[in-house]
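Visitor: Residue numbers (our numbering), protein chains in the order written: chain A, 1 to 293; chain B, 1001 to 1332.
Following this message is one structure expressed as structure tokens.
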Amino acid sequence: MTSDFLLALAQAITKGLLTGMVYGLMALGLSVIFGVMRVVNFAHGEMMIVGMYLAWAGFEYFQISPLVSLPLIAVLFFVMGYALQRGLISPFIGRPEHQQFLLLLGVALILVNICLAVVGPDSHGIQLDSQFDSYEIGPLVLDAVRLHAAIGAIVIAGLLWLFFTRTRIGKSIRAAADNNMGALVVGLNVRRLYAVTFGVGAACVGAAGALMITIIPVTPSLAAEYTLLAFVIVIVGGLGSMTGALAGGLLIGVSEAVAGLLADPSLKSMFSFGLLILVLLLRPQGLLGKRGT
Amino acid sequence: MTIHRRLLSGVAPRTLWMLMGLLALLIVAPHFIDKYALSVLILILYFAYVGQAWNIMMGFAGELSLGHALYAGLGGYVAAGLFTHYGLGPWAGVFAAAAAAALAGAIVGYLGFRFSLAGVYFALLTIAFGEFTRIAFDHLDWFGGSAGLFLKVDVAPNPLDLRGGPFLFYYVILALAAAAFVLSRLLLESRLGRYWLAIREDAEAAQAVGVPVLRYKLMAVMTSAALTSLAGVWNAFYYNNLFPETAFGIGRSIEITLAPIIGGLGTLFGPIVGAVVLTGMGEVFTSLGDTLGIPGIKQIFYGLALLIIVMYRPAGVWPWLSEQLGIGGRPR
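Structure follows, in structure tokens:
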């Protein structure tokens, strides 16, 4: 192996780690929602691209950097997620999976096609001033936009961790996830907690969208791909586990980047789905999930 | 019990006459309707058939598959590959297609059930196998790879090779849909069907009273997969082309599940009613979308319709409809 190759490999892994952080944040939203409500958000990728389109529109029409519009998008997504849970999803908690699937499929169809109707099928990206900047660490070159996006994702994941471990409402949500009946008995307003949870999960994916648009352009057809990708990441990491979602994101990000370097890039998702099958069969609680949850 | 008694016991004569009338109507229909109406009718029958096949696994045995494109795609590709490369007609190729799909179903089912994946986890496993196969077929040159597999169209109409116009495909899919309906009824009234229902309602209890749960679940997946593959064969020869993206795509898998869920899971009429509702809605929304000229508007209406149906008729349209029409006391 030549040193050139090793450098290219290290470069690909770094790139994968940085993108993987954003994947992780996206998957975190799915994982939080499932972990608390046992509802699989089949509209997750669709929510992701709505976040991407909003950040793109903010930049295109109002010259607001995605890193600035991100908090606004997160708040908007929180409100939308809260309302969605309250208005639509709430009665479906505990119902058979196929009914939840159909409900969220309807939501997904509406979201992605609103994007299509408003913006059209073409791909839209943004050109930041820092587009061609890079940081050099020894022989490694890190894209500035990718690094900023990864740092953004880490900060948000940290905030989320503080929310779930330090605040009263975050702790209540975890209590309701662990023991629904117990939470009801001690007088927690579980319906409201669920709505907050869906809001938080939606805010995560909206923020992830705002970060992702700085890395790659958005098209409506990305939505289904992101939904599947988020499934793969949370299952591999452990459905319902926060660290698992982040670790899964890194793993998938790196494997995609390395597969792109070593093999036919189209094989990268084959690897992801192969990994998904293996994890489902051998360790359905995920690589970092706890047994019996 | 003989087959015809099993088929007919407990069926009100009125229901039987209505079914016969419907079948007779469908047999003569192509001679009285225009090309467009015929294509819509073909689409309805296709979704009714493939929904009936999916319903055996989910509606009867209670296993949620969101990867049925795997079986339809395999069926289509096997039959089309044999026809393109060896000139082997689909009437023979269909056996290879069904065998391949049943084998794939056995693998997915065995792994899933052996490692006791249930609900969402099993559904994700079926998606993963479908997607895995989709990408694999992108790289299989014998099947045309990602550039697609095309069937010869410049040949003389020959029903033995399933080469012909819409009439031929209409009668083939009508026969399939009618046969699947009868088969589903026979299965439900058999020991096998009763075991499936027992497993669906409570697998542990079924196991406890001596039902070999794993074996019967596998039989449900394999039956469903083999029947689905026939729809794949029909589809391949009707449209004359196959691409991994569409044949194995998640979109195909989802569209297979919709008619039975919308119509009424586990019921015999559910997939048929669901196919009529969905295809009808699709056509109305398409023309509405064309009038308005906004891309995606059709799908927005479609999504809204799905939401409304699942919110107000979560058990499906048929159980409610049959009550309104006053037929057959308990929904079937």
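Every residue gets a Cβ at the ideal spot worked out from N, C-alpha and C, and that includes glycine.
1. Residues of chain A with CB closer than 7 Å to the CB of residue 1230(B), please, in chain order.
2. Once DSSP output is grouped into helix, strand and coil, what is the label at residue 1242(B)?
3. Please decide whether residue 285(A) counts as near chain B, where near means a Cβ-Cβ distance under 7 Å.
4. DSSP on residue 1014(B), reduced to helix/strand/coil?
5. Pick out whichever of 1200(B), 1322(B), 1107(B), 1241(B) has its Cα sitting closest to the Cα of residue 1272(B).
6. Beta-carbon of residue 1319(B) versus every beta-carbon of chain A: anything under 7 Å?
7. Run through the DSSP bridge pairs and tell me what residue 1163(B) is partnered with.
8. Curious, which full-length alpha helix (DSSP H) runs of at least 4 residues does the segment 91-124 of chain A contain?
9. Report yes or no: is there a C-beta of chain B within less than 7 Å of the C-beta of residue 113(A)?
10. Taking contact to mean 3 or more Cβ pairs, one atom from each stretch, closer than 8 Å, check whether the segment 1271-1290 of chain B and the segment 82-100 of chain A are in contact.
11. Is the CB-CB distance between residue 208(A) and residue 26(A) below 7 Å?
12. Considering only the beta carbon of each residue, do residue 1076(B) and residue 1221(B) sit closer than 7 Å?
13. Under 8 Å between beta-carbons, which chain A residues line up against residue 1131(B)? List them in chain order, please.
14. Using the beta-carbon count (16 or more within 10 Å), is residue 293(A) buried or exposed?
15. Residue 1228(B) and residue 1071(B) - do their beta-carbons sit closer together than 7 Å?
16. Are there any heavy atoms of the ligand ADP lying less than 6 Å away from the beta-carbon of residue 1165(B), as far as the coordinates show?
17. Should residue 1135(B) be labelled buried (16 or more other beta-carbon atoms within 10 Å of its own) or exposed?
18. Quick check: what's the CA-CA separation for residue 1313(B) versus residue 1264(B)?
19. Which residues, in chain order, does the segment 72-93 of chain A contribute to contact with chain B at a C-beta distance below 9 Å?
20. Quick one: is residue 110(A) near chain B, going by C-beta distance under 7 Å?
21. 7 Å is my cut-off, CB to CB: does residue 1160(B) come that close to chain A?
22. Run down chain B in chain order and give the residues with a C-beta less than 8 Å from the C-beta of residue 95(A).
23. Among 49(A), 204(A), 108(A), which residue has its Cα nearest to the Cα of residue 155(A)?
24. Is it buried or exposed, residue 1031(B), if we count other Cβ atoms within 10 angstroms and call 16 or more buried?
25. Going by beta-carbon coordinates alone, are residue 1259(B) and residue 1051(B) separated by less than 7 Å?
26. For the candidate residues 1096(B), 1201(B), 1171(B), whose alpha-carbon lies nearest to that of residue 1024(B)?
27. Could you tell me the distance, in whole angstroms, from the CA atom of residue 282(A) to the CA atom of residue 46(A)?
28. Return the residues of the segment 220-246 of chain A that lie within a Cβ-Cβ distance of less than 9 Å from chain B, sorted by chain order.
29. Exposed or buried, what is residue 181(A) when buried is set at 16 or more other beta-carbons lying within 10 Å of its beta-carbon?
30. Using DSSP with H/G/I as helix, E/B as strand and the rest coil, what is residue 136(A)?
31. Once the 5 residues before and after residue 279(A) are set aside, which same chain residues still bring their CB inside 7 Å of it?
32. Check whether the Cβ of residue 148(A) lies closer than 7 Å to any Cβ atom in chain B.
33. Taking the continuous alpha helix (DSSP H) assigned at residue 180(A), which residues delimit it?
34. Would you say residue 70(A) and residue 245(A) are within 7 Å of each other, going by their C-beta atoms?
35. With a threshold of 7 Å on Cβ separation, who are the neighbours of residue 1045(B) within its own chain once the five nearest residues in sequence on each side are excluded?
36. Any residues in the segment 1137-1164 of chain B with a beta carbon nearer than 9 Å to a beta carbon of chain A? Which ones, in chain order?
Guide: Looking at the coordinates:
1. In chain order: nothing, as chain A lies at least about 23 Å away.
2. Assigned with DSSP and collapsed to three states, residue 1242(B) falls in strand.
3. no
4. helix
5. Comparing Cα positions, the closest option is 1322(B).
6. no
7. 1158(B)
8. 97-119
9. yes
10. no
11. yes
12. no
13. 228, 269, 273
14. The predicted position of residue 293(A) is uncertain, since its pLDDT is 41 and thus under 50; a value taken from the coordinates is nonetheless stated next. Exposed, because fewer than 16 other Cβ atoms sit within 10 Å of the Cβ of residue 293(A).
15. The beta carbons of residue 1071(B) and residue 1228(B) sit closer together than 7 Å.
16. As presented, the structure is devoid of all ligands, the ligand ADP included, so that no description of it is given.
17. Around the beta carbon of residue 1135(B), 16 or more other beta carbons sit within 10 angstroms, so the residue counts as buried.
18. 9 Å
19. Within the segment 72-93 of chain A, the residues whose Cβ lies closer than 9 Å to some Cβ of chain B are 88, 91, 92, listed in chain order.
20. yes
21. no
22. Under the 8 Å cutoff, chain B gives 1314.
23. 204(A)
24. So residue 1031(B) counts as exposed.
25. yes
26. 1171(B)
27. 30 Å
28. 220, 224, 227, 228, 231, 232, 235, 239
29. exposed
30. strand
31. Only 235, 236, 286, 287 meet the Cβ criterion.
32. no
33. 180-185
34. no
35. In its chain, beyond the 5 residues on either side, 1173, 1174, 1177 have a beta carbon closer than 7 Å to the beta carbon of residue 1045(B).
36. Listed by position along the chain: 1138, 1139, 1146.
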